[in-house]
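Chemist: Quick note on numbering: the sequence shown equals residues 104 to 246 in this note's numbering. Quick reminder that beta carbons are idealized off the backbone N, C-alpha and C, glycines included.
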Amino acid sequence: MNKTVLIVVSGLIVILVAYVLMSGEDEMQQANTQETSVQNSVQNKEPKGSMGESEENVINMLAGNIFFDVSTINAKVGEKVVLDIRSEGQHTFTIDELGVNEFLPNGKTTRVEFTPTESGTYRYYCAIPGHAEAGQVGTLIVQ
Ligand SMILES: [Cu+2]
């Protein structure tokens with residue numbers, strides 16, 4: 104047996120083994136660095152229409168001359184209040200503390216929405232001159 108051939112062959116084997124090991128490590132590192140970052144960007148949008156109204160009570164009210172036919176509204180903190188107010192004559196639905204001031208045109212139904220953020224008793228009234236004085240007022244109770 105030629106010793107030189109043996110040395111060369113074993114040297115090639117060592118190089119080959121080293122190459123295989125190194126390339127194997129590279130693949131392992133690549134697999135580890137590929138982190139899966141899943142971003143959950145699903146937004147729960149409130150469904151419009153009848154589905155959305157199942158969670159909120161729509162209160163039907165008449166603004167007449169000169170009164171509201173609903174004199175007390177009960178509400179909860181953080182829950183949206185939805186009113187459908189039919190108006191006979193020119194009126195408003197106004198709550199000073201909550202910044203609600205909606206004009207109610209004659210013969211139309213106006214949707215009024217607001218969400219009280221603090222408990223308390225609030226006065227709602229019609230801001231047309233003379234109407235609140237004539238009794239066009241009501242009480243919103245937020246608990
Ligand atoms: Cu009025």
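What is the rounded straight-line gap between the Cα of E191 and the Cα of N163?
Modeler: Taking the first residue of the sequence shown as 1, we reach residue 191 at position 88. Taking the first residue of the sequence shown as 1, we reach residue 163 at position 60. If I take the Cα positions, the gap works out to 14 Å.
Chemist: Confirm, please, whether the CB-CB distance from Y227 to F196 is below 8 Å.
Modeler: In the sequence shown, the residue the question calls residue 196 occupies position 93. In the sequence shown, the residue the question calls residue 227 occupies position 124. In contact: F196 and Y227 (Cβ atoms closer than 8 Å).
Chemist: Do you know offhand how far K211's Cα is from L243's?
Modeler: Within the sequence shown, residue 211 is the residue found at index 108, counting from 1. Within the sequence shown, residue 243 is the residue found at index 140, counting from 1. K211 and L243: Cα-Cα distance of roughly 23 Å.
Chemist: For L201 versus P219, is the C-beta distance shorter than 8 Å?
Modeler: Residue 201 sits at position 98 when you count from the first residue of the sequence shown. Residue 219 sits at position 116 when you count from the first residue of the sequence shown. Yes; because the gap between Cβ atoms is below 8 Å, this pair is in contact.
Chemist: Would you mind sorting A178 into buried or exposed? The rule is 16 or more other CB atoms within 10 Å of its CB.
Modeler: Here residue 178 is taken as the residue at index 75 of the sequence shown, counted from 1. Per the 10 Å Cβ criterion, buried.
Chemist: Hey, is I231 close to ligand 1, as in C-beta under 7 Å from one of its heavy atoms?
Modeler: Working through the sequence shown from its first residue, we reach residue 231 at position 128. Within the cutoff, so yes.
Chemist: Can you check DSSP and say which residues form a bridge with A166?
Modeler: The residue labelled residue 166 in the question sits at position 63 within the sequence shown. Answer is F171 and S190, bridged to A166.
Chemist: Please name the residue or residues paired with V203 in a DSSP beta bridge.
Modeler: As a working note, residue 203 is residue 100 in the sequence shown. For V203, which the question treats as bridged, DSSP gives the partners I198.
Chemist: How big is the Cα-Cα spacing for H194 and N209?
Modeler: For the purposes of this step, residue 194 is taken as the residue at position 91 of the sequence shown. For the purposes of this step, residue 209 is taken as the residue at position 106 of the sequence shown. Using only the alpha carbons, I get a separation of about 8 Å.
Chemist: What do you get for A166, buried or exposed, if any count of 16 or more other CB atoms within 10 angstroms of its CB means buried?
Modeler: Stepping through the sequence shown from its first residue, residue 166 is reached at position 63. Looking at its Cβ environment, which holds 16 or more other Cβ atoms inside 10 Å, A166 is buried.
Chemist: Helix, strand or coil: how does DSSP classify G241 here?
Modeler: What you label residue 241 is simply residue 138 of the sequence shown in a count that begins at 1. Looking at G241 - three-state DSSP - the assignment turns out to be strand.
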